[in-house]
Ligand SMILES: Cc1cc2nc3c(=O)[nH]c(=O)nc-3n(C[C@H](O)[C@H](O)[C@H](O)COP(=O)(O)OP(=O)(O)OC[C@H]3O[C@@H](n4cnc5c(N)ncnc54)[C@H](O)[C@@H]3O)c2cc1C
């Protein structure tokens, strides 16, 4: 997942549209003063579900998290003990540092950078080895016009305003580039695979819209620790005791007061509302029955996006046989698609492991191969590096096939034809936005597929958790905030003027009572100025309500 790395090749900047004031939203998503009352059931303990729970608990609510599998993290899954570092079987890169034009960072980047900046290892300036015409070329050195054209598509995509066709149809009809073209595999890797699919499934209009809607810049980072461990430390640890594992939700009844959520054993969980954070295929496949049935608009949104096959093949070698000084990334021509070398930026790691990233039709093919997929990958590496270098140095392989994971069933969501209503700059409501809308303030929707700006990512999933917590707090507001911290000087002198403040909370009223002095300004707001008349003592009291 490092498509935006390509921007450096042409030295291009993001279009001006990306610099609109709405950019501030992503940075602000994490900040909330809302407080809420109630008990909420969160379905799914992936990034979005856990972050929703974390924000709700912070806001004063209580939560129960029901997770179908035996682990938390969802599509963030560490593999320990395979390599000299934690192998990431799912999400690996942190996106969203912002860009040089002042785009603010994602709050995930911000929080990790605040916690420990040395954990963030930049990868944008590292080299990619491109396989082309039975040879290889470094991306930083090529002037091949066909390769430059690949990067032009990526940099121009957000300007597309044509008909609702697939990216494959666009390339064929507009640029006369088809599957037999010498650079087709680069389009597949940098666009199709990046979007979790193949070019003949990805909507060109959707691709354009999602490039234009992306707000958090083009820089990517690997982490010098396990992704999940960092998220646990920053956010999730506080709510992990609330996770009930091996609880597959099969039914949700939201017909009466509150909701009743039922698991596969028939156990009921009652709450004021439910948050669904499950992957898109779980909703599409009807794993969960709803009473009353979901509205047609919601069903259309669920079926108006797609999530398909995706896998990683992790290959460990006794010796690295590539140019270890230069190569971070490798683009292959066959099923293996793209392999990178995380050890290149991980402290103290041995450079002997490739992470190969395969999506869409190629992943479907490799999925059908079972363990033979490893032999196919090795054969492709042999043909790139010569001789039997990959096979001869092969030590161990690990396949994670997300398509076959029972409670995930794919990689991440992508737009198909019809996902975005209009051509040109994205306006009007799209399927992700409809998917995100709550139903009757009882059924709320989180998860990467519901993010309008950063779908398919971890920071996007977290952002949806923040959004849902805000929606719930608006629907179930606390009358009085749980904590009030009153600040202001306690040392007062006769005739002195002092300021006293409590945190500003939207929608609340403030009533100050002062003895021994006079409120000279600010009554009714979260901050008052007091003129003290009596040096022997006084009191300041605040009642906050809504
Ligand atoms: C191979 C791969 C590579 C990726 N690389 C990156 C990357 O480098 N950077 C990045 O930012 N993002 C990346 N992503 C995307 C990122 O992992 C996801 O966008 C994000 O983790 C999704 O979080 P989520 O909470 O929306 O869903 P999930 O993580 O899927 O969580 C949903 C949870 O719901 C549970 N569940 C399902 N059904 C039920 C049920 N009926 N009852 C109860 N629980 C249920 C599931 O078990 C799961 O734990 C990658 C994804 C994949 C697959």
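Residue numbers (this note's numbering): 3 to 548. Glycine residues also receive a C-beta, built at the ideal position from the N, C-alpha and C atoms.
- In the DSSP assignment, residue 223 falls within the beta strand (DSSP E) that extends over 222-225.
- Under the criterion of beta carbons closer than 8 Å, residue 516 and residue 542 qualify as touching, at roughly 5 Å.
- Taking C-beta atoms as the reference points, residue 361 and residue 526 fail to come closer than 8 Å.
- Between the beta-carbon of residue 74 and that of residue 282 there is about 19 Å, and that puts the pair past the 8 Å contact cut.
- Within the same chain, 129, 130, 131, 132 and 328 come within 8 Å of residue 140 by CB-CB distance, once the 5 residues on both sides are set aside.
- Note that the C-beta distance between residue 275 and residue 446 is below 8 Å.
- Exclusion of the five residues before and after residue 365 leaves 311, 312, 313 and 405 as the residues of its chain whose Cβ lies within less than 7 Å of its Cβ.
- Annotation: residue 61 to residue 238 spans about 15 Å, alpha carbon to alpha carbon.
- Under the DSSP assignment, residue 398 falls in the beta strand (DSSP E) whose first and last residues are 396-403.
- Counting along the chain, residue 42 sits inside the beta strand (DSSP E) bounded by residues 41-45.
- Relative to ligand 1, residue 68 has its C-beta within less than 7 Å of a heavy atom.
- For residue 529, no alpha helix (DSSP H) segment is defined; the enclosing uninterrupted segment is the beta strand (DSSP E) at 529-534.
- Between residue 185 and residue 149, the beta carbon gap of about 6 Å places them in contact (Cβ cut-off 8 Å).
- Cβ-Cβ distances below 6 Å link residue 520 to 533 in the same chain, with the five nearest sequence neighbours on each side left out; the list follows chain order.
- In this structure, DSSP gives residue 120 a helical state, which the three-state scheme calls helix.
- The C-alpha of residue 249 is placed about 11 Å away from the C-alpha of residue 271.
- Classified as buried, residue 261 has 16 or more neighbouring CB atoms from the shown chains inside 10 Å of its CB.
- Between residue 224 and residue 94, the CB-CB gap stays under 8 Å.
- In terms of CA proximity to residue 231, 90 leads the group 90, 475, 529 and 497.
- In this structure, residue 78 places its C-beta atom within 8 Å of the C-beta atom of residue 229.
- Taking C-alpha positions only, residue 124 is separated from residue 430 by approximately 35 Å.
- Counting along the chain, no alpha helix (DSSP H) covers residue 328, and no H or E run does either.
- Judged by pairs of C-beta atoms under 8 Å, the region 406-419 does not touch the region 332-350, as fewer than three such pairs exist.
- For ligand 1, a non-hydrogen atom lies closer than 7 Å to the CB of residue 251.
- For the region 406-484, the continuous alpha helix (DSSP H) assignments of 4+ residues that do not extend past its boundaries occur at 433-438 and 460-477, in sequence order.
- Residue 240 and residue 348 have their C-alpha atoms spaced approximately 28 Å apart.
- Residue pairing by DSSP puts residue 546 in a beta bridge opposite 512.
- Judged by DSSP in its simplified three-state form, residue 282 adopts helix.
- Within 10 angstroms of the beta-carbon of residue 514 lie 16 or more other beta-carbons, which makes it buried.
- In the three-state DSSP reduction, residue 125 falls in the coil class, being neither helix nor strand.
- Bounds of the beta strand (DSSP E) holding residue 314 are 312-319.
- Taking 8 Å as the cut-off, the beta carbon of residue 452 is found no closer than this to the beta carbon of residue 464.
- Counted as a single uninterrupted DSSP element, the beta strand (DSSP E) harbouring residue 357 occupies residues 355-361.
- By a beta-carbon distance limit of 8 Å, residue 265 contacts residue 252. Their separation comes to about 6 Å.
- Each residue's CA atom was taken as its position, placing residue 40 and residue 67 some 14 Å apart.
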